[in-house]
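In terms of full-length UniProt numbering, the sequence shown opens at residue 1 and continues consecutively. For every residue, glycine included, the Cβ atom is placed at its ideal position computed from N, Cα and C. Quick caveat, the model's predicted, so the values are computed rather than measured. This report concerns only the one structure given below.
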Amino acid sequence: MSTIRCDIVSAEAEIFQGEATLVVATGEMGELGIAPRHAPLITRLKPGKVVVTRPDGSQLDFAIGGGILEVQPQVVTILADTAIRADEIDEAKVRAAKEEAERVLAGRGEAMDVAEAQQKLAEVMAQLSALERLRKNLKH
Numbered sequence: 001m002s003t004i005r006c007d008i009v010s011a012e013a014e015i016f017q018g019e020a021t022l023v024v025a026t027g028e029m030g031e032l033g034i035a036p037r038h039a040p041l042i043t044r045l046k047p048g049k050v051v052v053t054r055p056d057g058s059q060l061d062f063a064i065g066g067g068i069l070e071v072q073p074q075v076v077t078i079l080a081d082t083a084i085r086a087d088e089i090d091e092a093k094v095r096a097a098k099e100e101a102e103r104v105l106a107g108r109g110e111a112m113d114v115a116e117a118q119q120k121l122a123e124v125m126a127q128l129s130a131l132e133r134l135r136k137n138l139k140h
């Protein structure tokens, strides 16, 4: 089975480095699936999920706050604005951030401007989605 190296890096730290048989990310134009021998590519990523399928068939879920995806012949690199593994998400903190962003968007808050609130809401929704996928996978 052929694999491709996958590196996921945020501004804070290296989040993941390892072999993958498939990397799925949310690009600006929709979901992208990157397999070994994929054509070279650079694209911007929206806040959303990244799913890495390992050679043993297991999947790792990540939530990112946007960034850049680059495909080279032997490596897929995701340079994320923010990134977190689904199993490291603090649900209470994410829900509080979601409520604050929604308050600002509804015109009842002052802590951030609307664009900042929309970005934060997209990030926390991606984290909640990753957390739900992790819970669903643990039930099976």
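Each residue's CA atom was taken as its position, placing S129 and I8 some 19 Å apart. In the DSSP assignment, G67 falls within the beta strand (DSSP E) that extends over 59-72. Nearest C-alpha to I34 among G18, V24, Q118: V24. A Cβ-Cβ distance of about 13 Å is found for the pair E14 and R5, leaving them out of contact under the 8 Å criterion.
Restricted to the stretch 98-132, not a single beta strand (DSSP E) segment is unbroken, complete and at least 3 residues in length.
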